[in-house]
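Only one structure is covered here, and it is reproduced in the block below.
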Amino acid sequence: MSNIIILNAAARKNGNTAALVNAFTEGAKESGHTVKEFYLQTMTIRGCVACMGCARNADPCTQKDEMIQIYNEFKTCDVVVFSSPVYFFGVAGPLKTCTDRLFAVFSKYGYEACQRKSALLMTSDDPQYEQAVDWYHRFTDNVGWDNLGEILGSGRTKEAYDLGASVE
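Residue numbers for the sequence shown follow the numbering used here, beginning at 80 and rising by one.
See the structure below:
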């Protein structure tokens with residue numbers, strides 16, 4: 080069974096994005112997977128400062144903040160789920176900041192050691208997903224991750240459940 084982490088950048092804990100996350104989690108858990116959600120809005124995660132300590136001797140980053148919790152889970156996860164509403168044509172800031180900080184593990188351990196599967200759960204009142212989905216595709220393509228799928232839109236809980244249940 081897979082270990083899954085969800086990086087949830089939604090501002091509202093009980094909003095539309097949360098409904099997709101909850102449905103995905105239910106499907107994944109019912110299929111025997113373990114799921115750990117990180118609610119990024121309440122975590123203290125500073126932006127990458129490009130010090131390159133990760134390439135030298137940091138483990139894996141020189142900054143000591145709550146990102147360490149994600150680094151610890153990332154070591155053993157098989158799947159990373161990106162979850163965010165569309166904010167100003169892109170992903171919410173906490174998700175982008177967290178993703179930028181993942182550079183430390185890629186820099187420290189190499190791209191091959193960081194291979195994962197991924198999925199995207201995204202909502203929007205004004206469905207302009209193109210730029211946010213493009214960011215996700217560029218990220219997964221550049222790091223060589225296997226995209227399991229994308230659920231775009233509020234109310235698509237059945238599809239989110241099915242995606243969670245289909246994780247191998």
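Backbone N, C-alpha and C define an ideal beta-carbon position, used for all residues, glycine too.
Which stretch, first to last residue, makes up the beta strand (DSSP E) that contains N82? N82 to N87
Residues bridged to F161 [DSSP beta-bridge criterion]: L86 and L199
I believe L174 touches S163 by the beta-carbon criterion, under 8 angstroms. Please report the beta-carbon distance rounded to the nearest angstrom. 5 angstroms
If you draw a straight line from the C-alpha of G172 to the C-alpha of G126, how long is it? 10 angstroms
DSSP three-state label for V170, please. strand
Helix, strand or coil at I230 according to DSSP, with G and I counted as helix: strand
Among the residues of its own chain, which have a CB less than 6 angstroms from the CB of A107, if the five just before and after it don't count? I83, V114, G243 and V246
When DSSP builds the beta bridges, which residues end up paired with F117? L86
Beta-carbon within less than 6 angstroms of D225's beta-carbon, same chain only, minus the 5 sequence neighbours each way: which residues are those? K196
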